[in-house]
Amino acid sequence: MKKLLQEKFQLTEAGARGLVKSVWSSFAYYAIYMLPMLLIIFFIQSTIEKNKLGISSFLLLIVVVLVIMYLVTNINYKTTYNETYKESANLRIEIADILKSLPLSYFSKHDISDLSQTIMSDVATIEHALSHAIGHCIGYVLFFILIGIMMLVGNYKLGLCVLIPLLLSVGLLYLSKKRQVSIRAKHYIKLRNISERFQSSIEMSQEIKSYGLKKKTMEDIENDLVESEKIQTRAEVIQAFPVSLSGWITKLSIGFTIIVGIYLFINNEVNLLYLIGYIIAATKISEGLEGIYMYLGEIFYLDSRIKRIKELRNTKTQTGQNVEFSNYDISFDNVRFAYNQKNKNVVDCVSFTAKQNQITALIGPSGCGKSTILKLMSRLYDYNYGKITIGGYDIKEVDTECLFKKISVVFQDVVLFNTSIMENIRIGDINASDEEVKRAAKLAGCEEIIEKLPEGYNTLIGENGAKLSGGERQRISIARAMLKDAPIILLDEIAASLDVENESKVQEGLNRLIRNKTVVIISHRLKSIQNVDQIILLNNGKVEAAGTHDEIYQRSKLYRNMIEKSNLTEEYKY
Ligand code: ADP
């Protein structure tokens, strides 16, 4: 049962174990709640037959039954709720672990609000279903089978009177399951779209305002909300109709039992006690089943959410071993890569080596694949074909944490956390002292930014450094790289958001940072890379030419054109 539940509801091993406990305790809970009925029958029987059982013995029996009911209810509560809360914590931790090991490609194909919904809201829904519905439903089914057999054995005619309407109502609900699941899935997708729309309109608020898109954005959101409401109403109707009808059908079992029971009683086929017992049982079971129907709606609602978690679990994560690098030469051997396997290669049969103690510059027209090559080097994405090695190790076989420790990347789009400047720089080395952080900040030319801020290093810089300019964010990110002091430095257009004055301030620090390292830089300022050890000129994802400035100037027409255009741009006046 454990394996089946684990697969069906995408639980962790411990969660499935907890659910099995909850199923059995729910079974005991339903079974035990038949005890008062048995007690009443026993009481009537002893009264009719004038048994010797005195009132004190009967009271004692009541107390024993109450104690058993209390204990079972207590155990059921603990197994169901405590195990559930543990499971939802486990599930969230597991999902976070999976997300940590996924390549960046996964995130570029999935919306971030979508993923956070999976962690927070989907797990919360599963948590609620686990604590309120699943264990109870399965426990009830087991109880139903047991009581069904007992009733058939006791008196099969009365047993059938109780069971046939109940089975009919279950069958009806089962037949409507497909429609219920599909409308719930539709509603779920709509809710996802709405939350994505909200997120993107918040992120794009600046563009929405400046391009006068406020009215249109509001209308789109409103339309989505109205549509979601309609789907929700339809889902409620689609669910309510079979659930109410099934509820009514369950009531038939009481009616049938009374009518057939009286007929059998008149014909002396059952005694009064049996008849009363079956009528009480029919009432109790049909009531219980109606309660279970409420839970079933919740279980049907889980389908889409469970699929999301399953999909996340089945996504290939990045694995690898810890290795000790003896050098940090980065080699590309016939590497091919496409962001989407169906599309054209963005990096196409690229081969070159970026040597340790050298600076390699990647240049080429916009969109030719330069940043992608940096992302492949740092294993943010995994290459499709060929091979990338660092110090002779295939990077696909190196553990990502081990690899990331050796690489400092400064990208064009700097990501900062909504915390202080000090903590943002310390991300480069979480064990660094305040003094070390300040030294790195000085080297990266951050001092003057920090002096201007009200609380200096302790100033909170807003979400993604919203309180800083592009150039200031860039310098914080360079300070991080300085602090990390990794043997491989990847710089992607870092001069793009620096003004001339800032650039010269950062230059000195940068020169110190890149000493004796493997450095790969992307720069559109061709003048700044003329003295580097190696230039790789890319065009349409392929290597057009490689060598020093003089060598490729001789060889490549594209390079000569680029130099010419670059000179013209520098002379351009508005
Ligand atoms: P460059 O750095 O040379 O300007 P990029 O490496 O950023 O070029 O991009 C190369 C190509 O890959 C471009 O056509 C770009 O549109 C595409 N691309 C970049 N990032 C992604 C992504 N995350 N998903 C899909 N395509 C992408």
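Each residue of the sequence shown is one higher than the one before, starting from 18 at the first, in the numbering used here.
For every residue, glycine included, the Cβ atom is placed at its ideal position computed from N, Cα and C.
Keep in mind it's a predicted model, so treat the numbers as computed, not measured.
Buried versus exposed, by CB contacts within 10 Å (16 or more), residue i
i, result
"Phe317", "buried"
"Glu100", "buried"
"Thr64", "exposed"
"Ala449", "buried"
"Ala113", "exposed"
"Arg577", "exposed"
"Leu36", "buried"
"Phe26", "buried"
"Glu489", "buried"
"Glu561", "buried"
"Glu452", "exposed"
"Gln134", "buried"
"Gly294", "buried"
"Thr250", "exposed"
"Val140", "buried"
"Asn360", "exposed"
"Ser39", "buried"
"Tyr280", "exposed"
Opposing strand residues paired with residue i [DSSP bridges]
i, result
"Asn556", "Lys559"
"Ile405", "Phe349"
"Tyr410", "Ile407"
"Thr535", "Ile505"
"Ser425", "Ile506"
"Ser437", "Leu477"
"Gly564", "Ile552"
"Val415", "Gln338"
"Ala378", "Ile538, Ile552"
"Ala202", "For Ala202, which the question treats as bridged, DSSP gives no partner whatsoever."
"Phe369", "Phe349"
"Phe354", "Val364"
CB-CB length for residue i against residue j, believed under 8 Å
i, j, result
"Asp446", "Lys501", "6 Å"
"Ile546", "Ile569", "With 8 Å as the limit, Ile546 and Ile569 do not qualify as a contact, their Cβ atoms being about 11 Å apart."
"Met54", "Ala298", "7 Å"
"Asn362", "Ala355", "5 Å"
"Ile376", "Val536", "4 Å"
"Gly171", "Tyr47", "With 8 Å as the limit, Gly171 and Tyr47 do not qualify as a contact, their Cβ atoms being about 18 Å apart."
"Asp509", "Leu391", "6 Å"
"Ser388", "Ala498", "Between Ala498 and Ser388 the Cβ distance is about 16 Å, and since that is not below 8 Å, they are no contact."
"Thr334", "Leu119", "6 Å"
"Ile467", "Tyr474", "6 Å"
"Glu315", "Ala146", "5 Å"
"Asn374", "Asn533", "6 Å"
"Gln491", "Ile506", "About 15 Å; that fails the 8 Å criterion."
"Ala503", "Ala458", "Contact doesn't hold; Cβ gap of about 18 Å is too wide."
"Ile238", "Phe258", "31 Å between Cβ atoms; not a contact."
"Leu242", "Ile200", "Actually they do not touch by this definition, with Cβ atoms about 18 Å apart."
"Glu144", "Ser105", "4 Å"
Beta-carbon proximity list for residue i, same chain, < 7 Å, skipping 5 on both sides
i, result
"Thr267", "Pro182, Leu183, Ser186, Ser303, Leu306, Glu307"
"Phe428", "Asp509"
"Gln256", "Gln197, Gly314"
"Thr29", "Glu104, Asn107, Leu108, Glu111"
Residues near residue i by beta carbon distance below 6 Å, same chain, minus five either side
i, result
"Lys484", "Ile478"
"Phe44", "Gly156, Leu159, Phe160"
"Val198", "Phe317, Asp320"
"Glu213", "Asp128, Ser130"
"Phe342", "Gly408"
"Glu122", "The sequence given here has Ser at residue 122, not Glu. The residues are Tyr398."
"Asp350", "Ser368, Gly403, Lys404"
"Ser597", "Shown here, the chain extends from 18 to 591; a query on residue 597 therefore has no answer."
"Gln62", "Leu290"
"Tyr205", "Ser321"
"Ile539", "Leu379, Lys387, Asp509, Glu510"
"Ile531", "Ile506"
"Val340", "Tyr410, Val415"
Other residues of its chain near residue i: CB distance less than 8 Å, five sequence neighbours each side excluded
i, result
"Asn556", "Gly381, Pro382, Cys385, Leu575"
"Ile309", "His153, Cys154, Tyr157"
"Ile115", "Leu329, Arg330, Thr332, Thr334"
"Leu208", "Ser245"
Contact test: residue i Cβ vs the ligand SAM heavy atom, cutoff 6 Å
i, result
"Phe60", "With respect to small molecules bound, the structure shown includes the ligand ADP and not the ligand SAM."
Exercise. Listed in chain order, which residues are found with a beta carbon closer than 5 Å to a heavy atom of the ligand ADP?
Worked result: Ser125, Tyr356, Val363, Ser383, Gly384, Cys385, Gly386, Lys387, Ser388, Thr389
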